[in-house]
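Chemist:
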DNA sequence: CCTGCATGATTGAGAGTTCAACAAGTACAC
DNA sequence: GTGTACTTGTTGAACTCTCAATCATGCAGG
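Protein chains in written order, with the numbering used here: chain A, -9 to 157; chain B, -9 to 157.
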């Protein structure tokens, strides 16, 4: 790895760590939830009936079942999510976003979106934003083709979610 | 935030989280240390006498003093770092990389560098690498201008470290 | 049937991070 | 000097995440 590449690598690392750190702090401070939980709420809010199987929910991001189980337990304590067993497959569980959880998400979203805009998009030119999109796709491709968080609704028409929960 | 921006944001998030996750796992698996500890060892290895004040070390990345204190405690248990008090300012402490710690770093570095290359640089065109560098700089600039991890040894003469610890 | 194995999800222990509180030392006025 | 304010670094508790082990259920083959 050349010195130049190393500089870019360090700069990238610093930028992404700093950015995720800033977002995590903002969410924790203003909404009282870690970023990972926010993502869970978003995923649920966009699902039909605001309901997802645990394994589906885990698959949306590269989250382990264990991690999700712990997280849902916490979210259930907070009253933001509730569980329900799956009748057809008695092993399975559904996670369901409660009204209270949806309200918490609605109240958390604007601040988070503002933070993303200020810290990321406002810093880049329109060309750089496009470039970042391409680069992100390429990196994801290299991660074993895991679909992960890539918009499941990335169809040509797009738009399949409620406006308020958009990033 | 437009749908298009949201797509890019999610893609970016997924890419960076997936990438840092892959790197963290690789390091934990093959070198038995978290990525944050690896960075500490790198910083120490590049410092004069492989020694840094705790606060300097914390400042290199946006690490809190508390976090660093805990981390150094663990690294000291592992025999990779030792502490020494500062004679002129009795509050201060030095963290010093031991030979054993340097050896651990030398053995961890190649695998880590390979992972970074495979997962990041090999996925991008040379133009995209340059773009990523510019974008990262811009993002850092937006984070309150914190210098953070940007090479402290980026002086004209450069080269203050052994080749093996380079990224 | 029922044995063997895969799957969905949970649990508990261990590790790292954060936050607030703290101890110890320094700086600087008065 | 004495007092006040700031800096440096550590500590403990709470929280999240990971890993391995576990439980319960589904499913296929003999």
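Virtual Cβ for every residue (Gly too), placed ideally from N, Cα, C.
Since the structure is predicted, the reported quantities are computational estimates derived from the model, not experimental observations.
#1: Is DSSP giving residue 74(A) helix, strand or coil here?
#2: For the region -7 to 9 of chain B and the region 42 to 56 of chain B, state whether three or more C-beta atom pairs, one from each stretch, are separated by less than 8 Å.
#3: What's the call for residue 25(B), buried or exposed, on a 16-neighbour Cβ count within 10 Å?
#4: Short check: CB of residue 113(A) to CB of residue 128(B), under 8 Å?
#5: Just how far apart, CA to CA, sit residue 99(A) and residue 117(A)?
#6: Return the chain-ordered list of same chain residues with a C-beta closer than 7 Å to the C-beta of residue 29(B), the five sequence neighbours on each side being excluded.
#7: Using a Cβ-Cβ cutoff of less than 8 Å, which residues in the same chain neighbour residue 83(B) once the five nearest sequence positions on both sides are dropped?
#8: Does the separation of the CB atoms of residue 21(B) and residue 91(B) fall below 8 Å?
#9: When you compare only the Cα positions, how much space is there between residue 111(A) and residue 119(A)?
#10: Taking a Cβ distance cut-off of 8 Å, strictly less, list which residues of the region 40 to 71 of chain A are near chain B, in chain order.
#11: Below 7 Å on C-beta distance, what does residue 23(B) contact in chain A?
#12: For the region 26 to 97 of chain B, which segments carrying the alpha helix (DSSP H) assignment without a break, of at least 4 residues, lie completely within its bounds, in sequence order?
#13: Determine the direct distance from the alpha carbon of residue 108(A) to that of residue 33(B), and round the result to whole angstroms.
#14: Select from 78(B), 70(B) and 55(B) the residue whose C-alpha is nearest the C-alpha of residue 93(B).
#15: Could one say the Cβ of residue 107(B) lies closer than 8 Å to chain A's Cβ atoms, at least one of them?
#16: Could you tell me whether the Cβ of residue 99(A) comes closer than 8 Å to any Cβ of chain B?
#17: Classify residue 35(B): buried if its beta carbon has 16 or more other beta carbons within 10 angstroms, exposed otherwise.
#18: Suppose you measure from the CA of residue -9(B) to the CA of residue 37(B); what does that come to, to the nearest Å?
#19: Alpha carbon to alpha carbon, how far is residue 103(A) from residue 133(B)? Give it in angstroms, no decimals.
#20: Which residues in chain A sit within 8 Å of residue 118(B), going by Cβ to Cβ distance?
#21: Report the option in -1(A), 4(A), -6(A) and -2(A) whose CA atom is closest to the CA atom of residue 130(B).
#22: Applying a beta-carbon distance threshold of less than 9 Å, which residues of chain B neighbour residue 37(A)?
#23: Would you say residue -5(B) reaches chain A, if we count a Cβ-Cβ gap shorter than 8 Å as a contact?
#24: Got a sec: is the Cβ-Cβ distance from residue 31(A) to anything in chain B below 8 Å?
#25: What residues from chain B crowd round residue 2(A), counting only those whose CB sits closer than 7 Å?
#26: Within 8 Å of any Cβ in chain B, is that where the Cβ of residue 11(A) sits?
#27: What are the start and end residues of the alpha helix (DSSP H) that includes residue -8(B)?
#28: Is the Cβ of residue 131(B) closer than 8 Å to any Cβ of chain A?
#29: Please report the Cβ distance between residue 122(B) and residue 125(A), rounded to the nearest whole angstrom; I am assuming they are in contact, meaning their Cβ atoms lie under 8 Å.
#30: DSSP three-state label for residue 23(B), please.
#31: Along chain B, which residues have their Cβ under 7 Å away from the Cβ of residue 5(A)?
#32: Beta-carbon within less than 8 Å of residue -7(B)'s beta-carbon, same chain only, minus the 5 sequence neighbours each way: which residues are those?
Modeler: So, from the data block:
#1: Look at residue 74(A) here: in three-state DSSP terms it is strand.
#2: Counting Cβ pairs under 8 Å, fewer than three are found: no touch.
#3: Buried: at least 16 other Cβ atoms inside 10 Å.
#4: In this structure, residue 113(A) sits near residue 128(B), with a CB-CB distance shorter than 8 Å.
#5: If you take the alpha carbons of residue 99(A) and residue 117(A), they lie about 26 Å apart.
#6: Excluding its 5 nearest sequence neighbours in each direction, residue 29(B) has C-beta neighbours in its own chain below 7 Å: 51, listed in chain order.
#7: Around residue 83(B): 43, 44, 73, 74, 75 and 76.
#8: Contact flag unset, no.
#9: Per the coordinates, the alpha-carbon of residue 111(A) lies some 7 Å from the alpha-carbon of residue 119(A).
#10: So the list reads 51 and 52, given in the order they occur along the chain.
#11: The contacting residues do not exist; residue 23(B) stays about 16 Å from chain A at best.
#12: Note on the region 26 to 97 of chain B: whole alpha helix (DSSP H) runs with a minimum of 4 residues are 44 to 50 and 55 to 67, in chain order.
#13: Taken atom to atom, the span from the alpha-carbon of residue 33(B) to that of residue 108(A) is near 30 Å.
#14: Residue 70(B) is the option with its Cα nearest to residue 93(B).
#15: At least one chain A Cβ lies under 8 Å of residue 107(B).
#16: It does not; no Cβ of chain B falls within 8 Å.
#17: Residue environment for residue 35(B): buried (at least 16 other C-beta atoms within 10 angstroms of its C-beta).
#18: Rounded to whole angstroms, residue -9(B) to residue 37(B) spans 43 Å at the Cα level.
#19: Approximately 16 Å between the Cα atoms of the pair.
#20: Residues of chain A with a Cβ closer than 8 Å to the Cβ of residue 118(B) are, in chain order, 121, 124, 125 and 128.
#21: If we check each option's Cα against that of residue 130(B), 4(A) comes out closest.
#22: Chain B residues near residue 37(A): none, gap ~15 Å exceeds 9 Å.
#23: Interface residue, yes.
#24: For residue 31(A), the closest Cβ of chain B is not nearer than 8 Å.
#25: Those are 122 and 126, listed as they occur along chain B.
#26: At least one chain B Cβ lies under 8 Å of residue 11(A).
#27: Neither: residue -8(B) is in no alpha helix (DSSP H) and is coded neither H nor E.
#28: True, the Cβ-Cβ gap to chain A drops below 8 Å.
#29: About 6 Å separates the CB atoms of residue 122(B) and residue 125(A); that is less than 8 Å, so the two are in contact.
#30: When DSSP states are grouped into helix, strand and coil, residue 23(B) belongs to the coil group.
#31: Residues of chain B with a Cβ closer than 7 Å to the Cβ of residue 5(A) are, in chain order, 126, 129 and 130.
#32: Here the set comprises nothing.
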